[in-house]
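Asker: According to mature numbering (1 follows the signal peptide of the UniProt record, and there is no 0), the stretch in the sequence shown is residues -18 to -1, 1 to 386, in order.
The beta-carbon is built from N, C-alpha and C at its ideal position, and this holds for glycine as well.
The model shown is predicted, which means the values in this text are computed figures rather than measured ones.
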Amino acid sequence: MLLILTLSLSLVIGTCHSTTYEGHKVYKLYPTTPAHNEFLTSLKSTEFDFWSPINNVGKPVTVMASPQVQKKFEKKLKKHKISYELEIDNLQSTIDQEKKYHEDKLGIAFDHYLRHSEINNYLDQLAQNYPNIVSVGTIGTSYENRTMKTITISAKPGPKPVIFIEAGMHAREWIAPALSLYIINQLVENPSYGFLQDVDWVILPVMNPDGYEYTWTTDRMWRKTRSPGSSCNGTDGNRNFGFHWMEKGASGSECSETYAGSEAFSEIETQNLRNVLNKTGNITAFISLHSYGQYLFYPYSYDYVRADNWKELAFLAHKVNDVIKSVNGTEYTIGNSAEVLYPAAGCSDDWAMGGAGVRLVYVFELPGGGKYGFDLPPEKILGVCEETWEGIKVIADYVVQNCK
Ligand SMILES: [Zn+2]
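1) Given a cut-off of 8 Å, decide if Pro191 and Ala149 are closer than it, judged by their beta-carbon atoms.
2) Can you tell me the Cβ-Cβ gap for Ser136 and Ile115, rounded? I've got them flagged as a contact below 8 Å.
3) Can the beta-carbon of Ala160 be found less than 8 Å from the beta-carbon of Phe92?
4) To which residues of the same chain is Gln168 closer than 7 Å at the C-beta, ignoring the five residues directly before and after it?
5) Considering only their Cβ atoms, is the gap separating Arg256 from Arg202 smaller than 8 Å?
6) Quick one: does the C-beta of Met46 sit closer than 7 Å to a heavy atom of ligand 1?
7) Quick check: what's the CA-CA separation for Ile233 versus Gly119?
8) Looking at the structure shown, is Lys7 part of a helix, part of a strand, or coil, going by DSSP?
9) Take every Cβ of the segment 162 to 182, pair it with every Cβ of the segment 103 to 113, and state whether three or more of those distances are shorter than 8 Å.
10) Could you pull the start and end residues of the beta strand (DSSP E) that Phe279 belongs to?
11) Looking at Asp218: is its Cβ nearer than 8 Å to the Cβ of Tyr282?
12) Please indicate yes or no: does the CB of His272 lie closer than 7 Å to some heavy atom of ligand 1?
13) Determine the closest residue to Asn260 out of Ser248, Ser65, Ser330, Tyr284, with distance taken between C-alpha atoms.
14) Can you say whether Val39 is buried or exposed, counting buried as having 16 or more other CB atoms within 10 angstroms of its CB?
15) Quick one: what does DSSP say Lys81 is sitting in, helix, strand or coil?
16) For the alpha helix (DSSP H) containing Thr370, name the first residue and the last one.
17) Restricting to Cα atoms, I'd like to know which of Ser213, Arg97, Lys142, Lys230 is closest to Leu323.
Next comes the structure, spelled out in structure tokens:
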């Protein structure tokens, strides 16, 4: 009796604050006509969660649906003759697998994801072990008071161009912080790279720590910050930067996944990033890591407007893509976000260029799991890190040769 009581109590405690995805299905849709795309666009702001953009006709679209709306959803698809297949039958079980994997393994290895505190501990450990080349700083705290740490890697004293990497703006995109740690690990613990003498690196592994922790404790699919709203919480950090804020591809509605905030830089996290970009002199390249979709964007994202040096950005992006492709065959679609995907005003990449004057600015939308999307399985982390790092090295070499 006592055992039963304890068990049911722990079940209640374990579930009362946690969003469950029990029975949630993830569908892959295959729209083949403009009418299909138009219909899907009309569904976007309803109860179905679109994980990928409705792009060109012929490109698959990934959508999550709760058990309550699955029948209705399938009926609509059939009525509009949109073919589909089931990618994930029960999202909760893939999430459970991911968490179990983490509990089994700890330490810095690229076969599992790390909590925010573990990431910060790793940075501190590096600063302690490699005091001559590593220093750890804080750019401020998050809304819920978590420390936002950056690591600076500088192999030689003296002014040099800086490559700044920001990851984890969108909480559920776990591969982004993981890749930033891999880059740090390579630079510090495997430092055989020629460019280390000529470039400094500043890396912010978790831009949205509150959201990131929330994806561990409560809702694996959370995207935004965790600042409270009146009807819904959180702002999309990547719509909150003060460069052409709210012009296109951003929402004024609190409950939207792309809510731009009550004003530009309403979020403490985006203020912190703005301030550090303003303060750090000599930033030549700014790289923002996201997932998923295998896109490599250069500014501007806010509209169909190209950066003055877009030819240079495109040239280098193609070199990056060629090298990444040579590792495992992964290919990126390259271009300005508005032209390739959709306009999105208020992103950090636009601000890095338009606000902070950085010359080389890129957004990586890293590969998804093929089957899992944002939920890239742990055993795929290393492959994505290894191939992408090859591409980022191309940017570093370019900075050394062309941007001194
Ligand atoms: Zn993102």
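Answerer: A quick look at the data gives this:
1) Contact flag unset, no.
2) Contact check for Ser136 and Ile115: beta-carbon distance about 6 Å, within the 8 Å limit, so the pair qualifies.
3) Contact: yes.
4) Around Gln168, the same chain offers Trp371 as residues with beta carbons nearer than 7 Å, after the five sequence neighbours per side are excluded.
5) Not closer than 8 Å, so no.
6) Checking the 7 Å criterion, the Cβ of Met46 is out of range of every heavy atom belonging to ligand 1.
7) Contrary to the premise, residue 233 reads as Ser rather than Ile in this sequence. Using only the alpha carbons, I get a separation of about 33 Å.
8) Lys7 falls in the strand class under three-state DSSP.
9) They touch, by the three-pair rule.
10) In this chain, the beta strand (DSSP E) harbouring Phe279 covers 277 to 280.
11) It is not a contact, given that the beta carbons lie outside the stated cut-off.
12) Yes, the Cβ of His272 comes within 7 Å of a heavy atom of ligand 1.
13) For Asn260, the nearest C-alpha among the options comes from Ser330.
14) With fewer than 16 other Cβ atoms within 10 Å, it is exposed.
15) Lys81 falls in the helix class under three-state DSSP.
16) 363 to 384 is the extent of the alpha helix (DSSP H) around Thr370.
17) With distances taken between CA atoms, Leu323 lies nearest to Lys230 out of Ser213, Arg97, Lys142, Lys230.
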